[in-house]
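Chemist:
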Amino acid sequence: MTNEESEPKRPAATRAATMKDVAARVGVSIKTVSRVVNGHDDVHPDTRARIEAAMKELNFRPNVMASMIRRRGGRTASIGLVVEDLANPFMAQLARAVADSALCRQHLVLIGSSDGDPERERELVAVFLTRRVDGLIIVPSGDDQSYLKAETDRGLPIVFVDRLGQRIEADAVVSDNASGTAQAVRHLLAHGHRRIGYLGDLRGFYTAQARLQGYEEALRAATGGVDPRLVRMDVHTVAQAEQEARALLGSDDPPTALLCGNNLITVGALHALQALDLRQKVALIGFDDQDLAHLLTPALTVVAQDVPAIGRTAAERLFLRLNAQPDEQAPYERLTIPVTLIPRGSGEIPAGAPAEHGDRADR
């Protein structure tokens, strides 16, 4: 047996049928086939039936996108969504809410993760624009989105979500971040805590700044000041959060409670508390809810964002812009979605609570 005989044969590629093929099969003009494809009524029923039969025989698939662009005046019925990391539960919920809202309006969503990298964000936006998306929803990275000004100037709707766009005017949908951390601080104060440690994300993020502000303002209002030794910012990974939590808990005058600025930071703090056998002694409140948070011991108290409402509101704002005439466009707005404190146990541990599973571990 030769090598040629032993190699599996590849199926020959077949050319996709075109409107020209359908027209030739039926004996009509391409324009007549086009009118049937695009749903026009001014084609004789017999001719329409013959064209539809030929389309089926030839397995003809019309270019839906091309016809849609023509019918919608250049629109593609698609929008671009840039999130930080689709693996993050918050971002996944956000993407689902946007996709559901878009589907109700017969639009598709193209999604990409920027990984918090401003350059990657720009690259994703460029790819989406080459695909002629009708609008963009962006979780911004970095401190400069002015590169999008040319797009907003030509009328492309853009909505920023979770954070504000920087150096550009556009709509934004955000949580009531400062109110959320302020609620958490007051909750911990009510349980006797005065030394409340705070672990926050990158200072350049709008959310990190707003949540830190809520923490500091609530503490100042109640105690007259903030101990800077209890604040750790620029914590961006689970590993960093665990390291910083261990450092706080191992200090000479450690906090009796921890407040975490996002869900990943909360996971790192949980690792630290577990490793130091302090889960029953140090109070903990996380910003963002967590899957299975209610199954922990103690269950996790959180400041919960209404992520479906954030995504839904961002999509609604985008489509409002899309469907409005140029002279009907409303001023840009910052839309704020309320947050909810959910007490489950970890945030209700009182200051000076005895440990149920041993005292503070040696450090």
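Under our numbering, the residue at position 223 of the sequence shown is numbered 221, and the numbers go up by one with no gaps.
Backbone N, C-alpha and C define an ideal beta-carbon position, used for all residues, glycine too.
Below 7 Å CB to CB, which residues in the same chain sit around VAL31 once its five sequence neighbours on both sides are set aside?
Modeler: Taking the first residue of the sequence shown as 1, we reach residue 31 at position 33. Excluding residues within five positions, the ones whose Cβ falls inside 7 Å are MET17, VAL20, ALA21, ILE49.
Chemist: With a Cβ-Cβ cutoff of 8 Å, do ALA239 and GLY266 count as a contact?
Modeler: Taking the first residue of the sequence shown as 1, we reach residue 239 at position 241. Taking the first residue of the sequence shown as 1, we reach residue 266 at position 268. A contact, by the Cβ cut-off of 8 Å.
Chemist: So ALA302 packs on ASP287, CB below 8 Å; how close in whole Å?
Modeler: Taking the first residue of the sequence shown as 1, we reach residue 302 at position 304. Taking the first residue of the sequence shown as 1, we reach residue 287 at position 289. Right, their Cβ atoms sit about 4 Å apart.
Chemist: What separation, rounded to the nearest whole angstrom, lies between the Cα atoms of ALA170 and LEU257?
Modeler: Position 172 of the sequence shown, counting from 1, holds the residue named residue 170. Position 259 of the sequence shown, counting from 1, holds the residue named residue 257. Rounded to whole angstroms, ALA170 to LEU257 spans 26 Å at the Cα level.
Chemist: Could you pull out every residue in the same chain whose Cβ sits closer than 8 Å to the Cβ of LEU186, ignoring the five residues on either side in sequence?
Modeler: Residue numbering aside, residue 186 sits at position 188 when the sequence shown is read from its first letter. Correct list, in chain order: ILE194, ALA255, LEU257, ALA281, ILE283, GLY345.
Chemist: Would GLU119 and VAL80 qualify as a contact pair, given that the criterion is a beta-carbon distance under 8 Å?
Modeler: In the sequence shown, counting from the first residue as 1, residue 119 sits at position 121. In the sequence shown, counting from the first residue as 1, residue 80 sits at position 82. In this structure, VAL80 lies closer than 8 Å to GLU119 by Cβ.
Chemist: Which parts of the segment 305 to 359 are runs of the alpha helix (DSSP H), unbroken and 4 residues or longer, counting only runs that do not cross its ends?
Modeler: List check, alpha helix (DSSP H) in window: 305 to 321.
Chemist: Note down, one range per segment and in chain order, each beta strand (DSSP E) of at least 3 residues found wholly within the segment 163 to 246.
Modeler: List check, beta strand (DSSP E) in window: 169 to 173, 194 to 197.
Chemist: Which class does VAL137 belong to by DSSP, given the choice of helix, strand or coil?
Modeler: Here residue 137 refers to the residue found at position 139 when the sequence shown is read from its first residue. Three-state DSSP puts VAL137 in coil, outside helix and strand.
Chemist: Alpha helix (DSSP H) containing GLY266: first to last residue?
Modeler: Residue numbering aside, residue 266 sits at position 268 when the sequence shown is read from its first letter. Taken as a continuous stretch (DSSP letters only), the alpha helix (DSSP H) holding GLY266 covers 261 to 273.
Chemist: Comparing C-alpha positions only, which one of HIS292, ASP275, ILE340, ASN261 sits nearest to ALA85?
Modeler: The count along the sequence shown starts at 1 and reaches residue 85 at position 87. Among HIS292, ASP275, ILE340, ASN261, the Cα nearest to that of ALA85 is on ASN261.
Chemist: Let me know the secondary structure DSSP gives ARG361 once reduced to three states.
Modeler: Looking up residue 361 in the sequence shown gives position 363. Unreliable placement is indicated for ARG361, whose pLDDT of 37 sits below 50; the coordinate value is still reported in the next sentence. Coil at ARG361, not helix or strand.
Chemist: If you reduce the DSSP assignment to three classes, tell me which class ALA52 lands in.
Modeler: Walking along the sequence shown from the start, residue 52 turns up at place 54. ALA52 falls in the helix class under three-state DSSP.
Chemist: Could you check if GLN207 is buried or exposed, using at least 16 other CB atoms within 10 Å of its CB as the buried criterion?
Modeler: To locate residue 207, count along the sequence shown from 1; it is residue 209. Counting Cβ neighbours within 10 Å, GLN207 comes out buried, since at least 16 surround it.
Chemist: Please classify ALA322 as buried or exposed, where buried requires at least 16 other C-beta atoms within 10 Å of its C-beta.
Modeler: Stepping through the sequence shown from its first residue, residue 322 is reached at position 324. It is exposed - the Cβ of ALA322 has fewer than 16 other Cβ atoms within 10 Å.
Chemist: If I measure Cβ to Cβ from VAL131 and keep anything under 8 Å in the same chain, skipping five residues before and after, which residues do I get?
Modeler: In the sequence shown, residue 131 corresponds to position 133, counting from 1. Here the set comprises THR74, SER76, ILE77, GLY78, LEU108.
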